[in-house]
Amino acid sequence: MSKHEEAQRWLDLGVQASNADQQPQAEQAFLRALALDPDLVDARLGLGLTYMATRRFAQAVEPLRLAASSPDAPGFWSACLAQSLYMSGDFAGSAEAFEQAARVEPLGDNARATLIQTRCLAEMIGGGVESALEHYQAASGCDDDGLAVFAEEASAILAVFGHVGAAAQVERWRQVRAPEDRITAYRLNALEGAAVDRAPADYVAAHFDAFAERFDHQLVEMLGYSGPADLIALLLPHRSRFDRVLDLGCGTGLAVPVLAPLGGAVTGVDLSSGMLARAAARGGYEALVQAEALTFLAEHPTTFDLVFAADVLIYFGDMTAVFAAAARALRPGGYFVFSTERGEADWTLLSSGRFAHGDAYIDRLAAPTFALKARASTRLRQEGRDQVEGTLHILSRL
Ligand SMILES: C[S@@+](CC[C@H](N)C(=O)[O-])C[C@H]1O[C@@H](n2cnc3c(N)ncnc32)[C@H](O)[C@@H]1O
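See the structure below:
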């Protein structure tokens with residue numbers, strides 16, 4: 078078999094694996110094909126699509142760029158490149174690639190909508206937030222409400238990719254139009270590094286009410302979130318049976334499948350009625366309560382064997398009151414199990430509006446009342462180009 082034929086055989090195997098959604102096998106097969114024949118354009122495309130399918134968008138850019146620049150490349154290949162550039166935060170590059178795709182064949186509705194967005198984001202980064210939004214409205218034909226929804230999304234995307242100044246400008250634009258909006262007020266604080274020590278309850282409720290419908294899809298399928306299962310895996314070697322379990326900041330109830338097997342009744346508490354409605358639809362809770370976490374803990378002294386908080390304490394900066402409240406609500410020997418985003422200082426407000434904490438700070442707060450049973454580093458979820466580094470903590474009440 079000639080080198081070219083062998084490369085072609087690996088390409089066919091890659092396509093088969095890719096069609097069967099066996100991405101690791103597809104990746105290996107395309108790489109072998111390219112090692113034998115670097116000019117095999119279809120293998121470049123296959124490799125790029127495999128990276129896209131596994132959400133490695135930055136890695137997808139190079140093979141897709143090579144494939145899309147080959148003679149007679151269909152417009153779809155440039156559109157894939159454009160999508161990968163968008164997901165990697167290169168909005169100007171993405172717009173250029175969409176425009177290249179449009180020169181070859183008309184863009185579909187989704188691609189056209191993304192082109193309008195990516196042009197707007199690139200213009201915002203260049204400093205023209207006001208004019209970028211005017212251009213967005215003219216190109217998309219959306220009404221003022223649609224423009225406000227896009228502006229909120231744009232500010233979050235810009236912050237995720239580190240364009241904090243542009244994101245703050247968008248929030249100021251939003252604040253002029255909706256001075257009472259709690260989400261805007263807090264996001265501006267976060268983007269400007271204001272001295273706040275926790276996310277206010279009205280922000281948390283408004284933010285998660287708006288997010289509730291998309292939460293499960295976005296967190297689990299798009300961002301690779303597995304916080305509850307990771308915490309339970311770290312807890313089980315220490316204790317596996319709990320009579321009364323509190324899922325603090327239960328959200329849509331993603332934790333209930335791993336909390337229910339602990340054998341006890343599970344109570345879920347959350348500020349957001351939208352998130353609680355989804356937790357109720359999922360089922361598995363003995364009770365679901367709409368309440369602020371610290372208030373609820375204070376009202377339930379010596380009640381729970383496990384206080385479980387997955388991806389929740391990231392909305393508190395100063396955790397002194399959290400530790401005191403958890404210690405009070407736990408029965409003797411009970412467990413306090415939670416995740417944090419990794420920081421160096423005691424606590425830091427991030428441009429995302431969440432907080433990062435240092436492990437030494439957690440140790441200091443825990444020392445008088447809790448024993449550290451286990452701790453592990455983790456990747457909490459994908460954010461922009463990066464993985465958010467976090468820590469899982471398993472403490473027991475002394
Ligand atoms: C990122 S979600 C995590 C949800 C769930 N624990 C999970 O792992 O899927 C954070 C949840 O915590 C809730 N939350 C944040 N701060 C809170 C507070 N102070 N009191 C009650 N709930 C809070 C939010 O409403 C939201 O539903």
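Okay, so the sequence shown: first residue is 78 according to the working numbering, each after it adds one. For glycine and all other residues, C-beta sits at the position ideal for the given N, C-alpha and C.
Does the distance from the C-beta atom of Ala386 to that of Gly326 stay below 7 Å? Residue mapping note: residue 386 aligns to position 309 of the sequence shown, counting from 1. Residue mapping note: residue 326 aligns to position 249 of the sequence shown, counting from 1. Ala386 is a Cβ neighbour of Gly326, given a cutoff of 7 Å.
Return the CA-CA distance between Val138 and Asp167, expressed in angstroms with no decimal places. Here residue 138 is taken as the residue at index 61 of the sequence shown, counted from 1. Here residue 167 is taken as the residue at index 90 of the sequence shown, counted from 1. The alpha-carbon atoms of Val138 and Asp167 are separated by roughly 10 Å.
Below 7 Å between beta carbons: does that hold for Ala169 and Trp154? Sequence index remark: in the sequence shown, residue 169 carries index 92 (1-based). Sequence index remark: in the sequence shown, residue 154 carries index 77 (1-based). No, the Cβ-Cβ distance between Ala169 and Trp154 is not below 7 Å.
For His284, which of Ala337, Gly239, Asp347, Arg316 has the nearest alpha-carbon? As a first step, residue 284 is located in the sequence shown; it is residue number 207 there, counting from the start. For His284, the closest C-alpha among the options Ala337, Gly239, Asp347, Arg316 is that of Asp347.
Output needed for Glu421: all residues of its chain with C-beta closer than 7 Å, excluding positions within five of it in sequence on either side, in chain order. Position 344 of the sequence shown, counting from 1, holds the residue named residue 421. Within the same chain, Cβ atoms closer than 7 Å to the Cβ of Glu421 are found at Gly435, the five residues on either side in sequence being excluded.
Name the one or two DSSP bridge partners that Val366 has. Residue 366 sits at position 289 when you count from the first residue of the sequence shown. DSSP output for Val366 lists Val346 as bridge partner(s).
When burial is assigned at 16 or more other CB atoms within 10 Å of the CB, is Val226 buried or exposed? For the purposes of this step, residue 226 is taken as the residue at position 149 of the sequence shown. Exposed, because fewer than 16 other Cβ atoms sit within 10 Å of the Cβ of Val226.
Quick one: what's got a C-beta closer than 8 Å to Ser303's C-beta in the same chain, skipping five residues either side? Your numbering for residue 303 matches position 226 in the sequence shown. For Ser303, where only same-chain residues beyond five positions count, the Cβ hits under 8 Å are Val297.
Give the list of continuous alpha helix (DSSP H) stretches no shorter than 4 residues that lie fully inside the region 383–407. 397–406, all fully within the region 383–407.
Supposed close pair Phe292, Gly330 - CB separation, criterion 8 Å: Mapped onto the sequence shown, residue 292 falls at position 215. Mapped onto the sequence shown, residue 330 falls at position 253. Wrong, their Cβ atoms sit about 10 Å apart, outside the cutoff.
Check Tyr412 in the structure and name its three-state DSSP category. One-based indexing of the sequence shown puts residue 412 at position 335. DSSP, reduced to helix, strand and coil, places Tyr412 within a strand of the structure shown.
In the DSSP assignment, what residue or residues form a beta bridge with Gly467? Here residue 467 refers to the residue found at position 390 when the sequence shown is read from its first residue. Within the DSSP bridge table, the entry for Gly467 names Glu418, Thr455 as partners.
Are Ser429 and Val241 touching if we call contact CB-CB under 7 Å? Locating residue 429 in the sequence shown gives position 352, where the first residue counts as 1. Locating residue 241 in the sequence shown gives position 164, where the first residue counts as 1. No, the pair does not count as a contact, with Cβ atoms beyond the cut-off.
Roughly how many angstroms separate the alpha carbons of Ala448 and Ala267, rounded to a whole number? In the sequence shown, residue 448 corresponds to position 371, counting from 1. In the sequence shown, residue 267 corresponds to position 190, counting from 1. In a straight line, the C-alpha of Ala448 is about 33 Å away from that of Ala267.
Nearest-angstrom Cα distance between His315 and Lys450? For the purposes of this step, residue 315 is identified with residue 238 of the sequence shown, where counting begins at 1. For the purposes of this step, residue 450 is identified with residue 373 of the sequence shown, where counting begins at 1. Each residue's alpha carbon lies about 7 Å from the other.
Compare the C-alpha of Thr417 against each of Asp382, Arg318, Pro140, Arg456 and name the closest. Position 340 of the sequence shown, counted from the start, is the residue given in the question as residue 417. The shortest Cα separation from Thr417 among Asp382, Arg318, Pro140, Arg456 belongs to Arg456.
Is it buried or exposed for Met299, if we count other Cβ within 10 angstroms and need 16 for buried? For the purposes of this step, residue 299 is identified with residue 222 of the sequence shown, where counting begins at 1. In summary, Met299 is exposed, with fewer than 16 beta-carbon neighbours lying within 10 Å of its beta-carbon over all protein chains present.
Please confirm whether any heavy atom of ligand 1 lies closer than 6 Å to the CB of Tyr412. The count along the sequence shown starts at 1 and reaches residue 412 at position 335. Not one heavy atom of ligand 1 lies closer than 6 Å to the C-beta of Tyr412.
So Asp324 and Leu336 are in contact, right, with Cβ under 8 Å, and what is the actual spacing, rounded? Taking the first residue of the sequence shown as position 1, residue 324 is located at position 247. Taking the first residue of the sequence shown as position 1, residue 336 is located at position 259. By a beta-carbon distance limit of 8 Å, Asp324 contacts Leu336. Their separation comes to about 6 Å.
Between Asp114, Thr127, Val118, which lies nearest to Ala97 when the distance is taken from Cα to Cα? In the sequence shown, residue 97 corresponds to position 20, counting from 1. Comparing Cα positions, the closest option is Thr127.
So Ala433 is in the beta strand (DSSP E); what residue range does that whole segment cover? Counting from one through the sequence shown, the residue named residue 433 turns up at place 356. Counting along the chain, Ala433 sits inside the beta strand (DSSP E) bounded by residues 432–434.
Check whether the Cβ of Pro148 sits closer than 6 Å to any heavy atom of ligand 1, and report yes or no. Counting from 1 along the sequence shown, the entry for residue 148 is found at position 71. Outside the cutoff, so no.
Would you check if the region 177–195 and the region 150–165 touch, i.e. whether three or more CB-CB distances between them fall below 8 Å? Yes, the region 150–165 touches the region 177–195.
Just reading off the alpha helix (DSSP H) that Val322 is part of, what are its end residues? As a working mapping, residue 322 is identified with position 245 in the sequence shown. Note, Val322: premise wrong, no alpha helix (DSSP H); beta strand (DSSP E) at 321–325.
Using 6 Å as the cut-off, classify the Cβ of Pro277 as near or not near the heavy atoms of ligand 1, replying yes or no. Counting from 1 along the sequence shown, the entry for residue 277 is found at position 200. Flag unset: Cβ of Pro277 not near ligand 1.
Near Asp119, which residues of its chain fall below 7 Å by C-beta distance, leaving aside the five closest residues on each side in sequence? As a working note, residue 119 is residue 42 in the sequence shown. Excluding five sequence positions before and after Asp119, the CB atoms of its chain that fall closer than 7 Å to its own CB belong to Leu88, given in chain order.
Quick one: residues in its chain with C-beta nearer than 6 Å to the C-beta of Phe393, no 5 flanking neighbours on either side, listed in chain order? Numbered from its first residue, the sequence shown carries residue 393 at position 316. Shown here for Phe393: same chain residues with a beta carbon closer than 6 Å to its own, the five before and five after excluded, namely Arg275, Val399 in chain order.
Using 7 Å as the threshold, is the C-beta distance between Ala443 and Leu472 below it? Taking the first residue of the sequence shown as position 1, residue 443 is located at position 366. Taking the first residue of the sequence shown as position 1, residue 472 is located at position 395. Cβ atoms of Ala443 and Leu472: closer than 7 Å.
For the alpha helix (DSSP H) holding Thr195, just list the boundary residues, first then last. Translated into positions along the sequence shown, residue 195 becomes position 118. Counting along the chain, the alpha helix (DSSP H) containing Thr195 begins and ends at 186–202.
With respect to 6 Å, is the separation between the Cβ of Phe153 and the closest non-hydrogen atom of ligand 1 below this value? Stepping through the sequence shown from its first residue, residue 153 is reached at position 76. Phe153: no, Cβ never under 6 Å from ligand 1.
Leaving out five residues on either side along the sequence, give the residues of the same chain with a beta carbon under 7 Å from the beta carbon of Leu374. As a working note, residue 374 is residue 297 in the sequence shown. Taken in chain order, the residues that qualify are Ala402, Ala403, Arg405, Ala406.
Look at the alpha carbon of Ala368 and the alpha carbon of Gln252, and state the distance between them as a whole number of angstroms. By one-based count along the sequence shown, residue 368 stands at place 291. By one-based count along the sequence shown, residue 252 stands at place 175. Distance between the alpha carbons of Ala368 and Gln252: 28 Å.
Under 8 Å by Cβ, that's how I've got Glu83 and Leu113 pegged, so tell me the actual separation to the nearest angstrom. Along the sequence shown, read from residue 1 onward, the residue named residue 83 stands at position 6. Along the sequence shown, read from residue 1 onward, the residue named residue 113 stands at position 36. Right, the Cβ-Cβ distance comes to about 5 Å (below 8 Å), so this counts as a contact.
If I follow the unbroken alpha helix (DSSP H) through Thr261, where does it start and stop? Against the sequence shown, residue 261 aligns to sequence position 184. Boundaries of the alpha helix (DSSP H) harbouring Thr261: 259–268, taken from the DSSP string.
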